[in-house]
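S.K.: Residue numbers (the numbering used here): 55 to 332.
Next up is a structure, given as structure tokens.
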């Protein structure tokens with residue numbers, strides 16, 4: 055699993071800098087774009103938001119949810135060729151998904167070298183945009199390598215909830231200057247409910263994981279108690295003495311205590327069945 059540190063150096067402009075040409079910070083225009091040229095984009099956004107609202111997080115695992123969100127982002131944001139999502143865990147990037155193979159390749163580069171638009175967006179909690187990655191001074195290592203893959207434009211959006219930034223979404227395009235102010239606005243509108251969907255999926259995954267761990271712990275305890283009872287019955291030893299025997303065997307065989315206990319229980323069951331059939 056790939057991880058990155060979002061506290062890395064990734065800022066070359068102020069959050070309110072004007073986005074024009076190759077500037078890497080998205081600043082939305084004071085006046086809305088012409089409605090007659092953006093009706094289709096707004097329809098795509100509505101359809102993606104509708105799909106996002108009906109996403110059955112309880113029926114999908116975390117990776118599937120993130121992948122669906124990335125796919126919806128591609129459908130919603132004008133000019134997008136692919137998108138990826140990164141979920142933050144304890145300040146580091148984790149659970150990275152992509153809607154296309156080239157997105158996975160691009161994201162792998164930035165997380166490996168520790169610089170890139172996603173890291174900047176997650177660290178600073180702001181939209182980051184570039185239309186000429188190969189020449190962008192913010193990421194001197196990342197940009198030229200991505201340019202070699204034929205990817206020139208990026209729109210990175212932090213996934214912000216009331217509790218903070220839970221992740222970041224990278225939207226990529228092959229052409230230069232693929233994302234204008236309108237595309238950035240659409241992306242930011244999409245990112246608001248997307249962040250909530252991602253957070254809900256994250257919470258559900260954590261709850262399922264904790265429940266599984268608790269069930270495993272309860273099962274382990276039950277097996278160990280059964281093994282202790284068997285040993286106490288066979289040898290007349292105390293519970294402490296029986297536990298010491300299990301622990302010694304666990305250390306000698308270099309296996310988990312639960313596995314040793316399961317062997318004792320399985321052996322007792324086999325003996326009981328043998329006596330019953332003889």
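Here a beta-carbon is modelled for each residue, glycine too, at the ideal position from N, C-alpha and C.
Model, not experiment: these values are computed from the prediction.
Mind pulling the alpha helix (DSSP H) runs of 4 or more residues that sit fully within the stretch 160-223?
M.R.: The qualifying runs are 171-178 and 196-201.
S.K.: Counting only the same chain and skipping the five closest in sequence on each side, list residues whose C-beta sits under 7 Å from that of residue 230.
M.R.: Within the chain shown, the letter at position 176 stands for residue 230. Excluding sequence neighbours, residue 230 sits near 185, 186, 206 and 207.
S.K.: Since residue 175 contacts residue 211 with CB under 8 Å, what's their CB separation in whole angstroms?
M.R.: Here residue 175 refers to the residue found at position 121 of the chain shown. Here residue 211 refers to the residue found at position 157 of the chain shown. Between residue 211 and residue 175 the Cβ distance is about 6 Å, and since that is below 8 Å, they are a contact.
S.K.: Determine the DSSP secondary structure at residue 277, reduced to helix, strand or coil.
M.R.: Residue numbering aside, residue 277 sits at position 223 when the chain shown is read from its first letter. Helix.
S.K.: From which residue to which residue does the alpha helix (DSSP H) around residue 231 run?
M.R.: As a first step, residue 231 is located in the chain shown; it is residue number 177 there, counting from the start. Element bounds for residue 231: n/a, residue is neither H nor E.
S.K.: How should residue 113 be labelled, buried or exposed, when 16 other C-beta atoms within 10 angstroms of its C-beta is the threshold for buried?
M.R.: Counted from its first residue, the chain shown places residue 113 at position 59. Residue 113 comes out exposed.
S.K.: Would you mind working out which of 94, 102 and 122 sits nearest residue 255, comparing C-alpha positions?
M.R.: If you number the chain shown from 1, residue 255 lands on position 201. Comparing Cα positions, the closest option is 122.
S.K.: Any idea what DSSP makes of residue 88, helix, strand or coil?
M.R.: Along the chain shown, one-based indexing puts residue 88 at 34. Residue placement at residue 88 is flagged as unreliable, the pLDDT there being 48, under the threshold of 50; the coordinate-derived value follows with that caveat. In this structure, residue 88 counts as coil in the three-state DSSP scheme.
S.K.: Residue 151 bridges to which residues according to DSSP?
M.R.: Residue mapping note: residue 151 aligns to position 97 of the chain shown, counting from 1. Looking at the DSSP assignment, residue 151 forms a beta bridge with 139.
S.K.: Residue 276 to residue 295, Cα distance in whole Å?
M.R.: In the chain shown, counting from the first residue as 1, residue 276 sits at position 222. In the chain shown, counting from the first residue as 1, residue 295 sits at position 241. Their Cα atoms are separated by approximately 18 Å.
S.K.: Okay, do the stretch 219-235 and the stretch 126-139 touch, 3+ Cβ pairs below 8 Å being the bar?
M.R.: Output reads yes: the stretch 126-139 touches the stretch 219-235.
S.K.: Tell me, to the nearest whole angstrom, how far the beta carbon of residue 312 is from that of residue 278; I am working on the premise that it is less than 8 Å.
M.R.: Locating residue 312 in the chain shown gives position 258, counting from the first residue. Locating residue 278 in the chain shown gives position 224, counting from the first residue. Contact holds; Cβ gap of about 6 Å.
S.K.: What's the C-alpha gap between residue 79 and residue 214?
M.R.: As a first step, residue 79 must be located in the chain shown, where it is residue number 25. As a first step, residue 214 must be located in the chain shown, where it is residue number 160. Annotation note: pLDDT 41 at residue 79 (below 50); position unreliable, no value reported.
S.K.: Thinking residue 196 and residue 169 are a contact (beta carbons under 8 Å), I'd like their distance in whole angstroms, please.
M.R.: Along the chain shown, one-based indexing puts residue 196 at 142. Along the chain shown, one-based indexing puts residue 169 at 115. Indeed they touch by this definition, with Cβ atoms about 5 Å apart.
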